[in-house]
Amino acid sequence: MQNIIDLFAKQYGLTRSEVMAEIENVFSTVLSRWYRLEVMVFFQNDLQLEAVAYNKVNGVTMQRLIDLTEIRGPNTLRKHLEKSITRAAILKQTRYYKSYEKELCWGNVIAHDSEQNIFVETEIIPGQIVTAVCPLNRIGLHERNSGDFSIGMRRAFHVRRIDPVLLGDTSRLEIVVDRVSKTLVETLLKNTLGPEAERISLRCVKRYVGHKSFVLTTRRLPKSAIKAVSQELKERVQVNFVKKI
């Protein structure tokens with residue numbers, strides 16, 4: 173059992189304790205359904221599983237040990253376990269990624285589907301390559317037929333939403349990005365400014381996608397930074413200096 177725990181922990185990026193908790197939960201749930209009794213399964217100190225069935229007889233709760241080596245359907249149990257551990261791993265990954273919502277990411281276009289949604293390969297967390305989807309309606313009209321999203325092109329995106337989803341019986345992480353957010357203008361400017369951005373407050377107060385964005389800033393920005401963002405988004409960026417935002 174220890175080898176199985178270590179294998180699952182390594183394969184799904186979970187701790188040994190998290191894997192053990194999933195095993196206990198799945199075995200308890202499935203055996204309770206099979207025996208039509210409340211069954212609790214837990215690890216002993218030597219990492220061996222023990223299963224106890226609880227049944228009320230004349231108002232008295234009786235306990236009975238279940239011999240796990242004699243139960244039928246081990247493959248069914250394994251399938252339930254793999255599905256549960258996959259779900260746990262995706263939920264853990266989602267919590268890890270959630271803090272990156274509303275941030276900037278650069279991604280390479282790798283595919284389009286039949287509805288012309290765009291799939292991009294990106295590193296929201298450095299060193300961890302994931303696939304995100306940019307729905308067609310999250311791309312400005314001025315860019316949809318521009319050729320700027322051909323396979324292999326590298327573009328900037330706003331991380332709109334990161335959630336766990338269920339496709340059939342498979343859990344996976346869904347990352348949705350867009351090109352129409354006001355936040356994209358802000359994060360692009362900060363990205364272009366580099367370390368200097370830490371000393372500047374700026375906010376995009378209004379954006380007409382494909383036409384013009386209006387940005388307020390507490391310090392004057394280099395024209396090169398404004399031009400770079402304008403070129404990436406294919407729209408004018410008007411920056412106004414104010415004392416306080």
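Residues in the sequence shown are numbered from 173 upward in steps of one, following our numbering.
Ideal Cβ placement from N, Cα and C applies to all residues, glycine included.
In the three-state reduction of the DSSP assignment, G366 falls in the helix class, which pools H, G and I. For I398, the three-state secondary structure derived from DSSP is helix.
Judged by DSSP in its simplified three-state form, I290 adopts strand. Less than 8 Å divides the Cβ of F215 from the Cβ of E196. A283 and K395 have their C-alpha atoms spaced approximately 34 Å apart. DSSP links D335 through a beta bridge to E346.
About 4 Å separates the CB atoms of R259 and S343; that is less than 8 Å, so the two are in contact. By alpha-carbon distance to S286, the top candidate from E275, P307, Q300 is P307. Taking the Cα positions, K274 is about 26 Å away from N317. Excluding its 5 nearest sequence neighbours in each direction, F180 has C-beta neighbours in its own chain below 6 Å: V191, I257, listed in chain order. 8 Å or more divides the Cβ of I323 from the Cβ of R351. If you ignore the 5 residues before and after S373, its C-beta comes within less than 6 Å of the C-beta of T390, I417, all in its own chain and listed in chain order. Distance from T364 to V401 at the Cβ level is roughly 6 Å; contact confirmed, criterion being Cβ atoms closer than 8 Å. As the crow flies, the alpha-carbon of Q288 is around 55 Å from that of N217. Counting of Cβ neighbours within 10 angstroms places G279 among the buried residues, the total reaching 16 or more. Look at Q235 here: in three-state DSSP terms it is strand. The beta carbon of R236 is closer than 6 Å to those of A225 in its chain, skipping five residues each way along the sequence.
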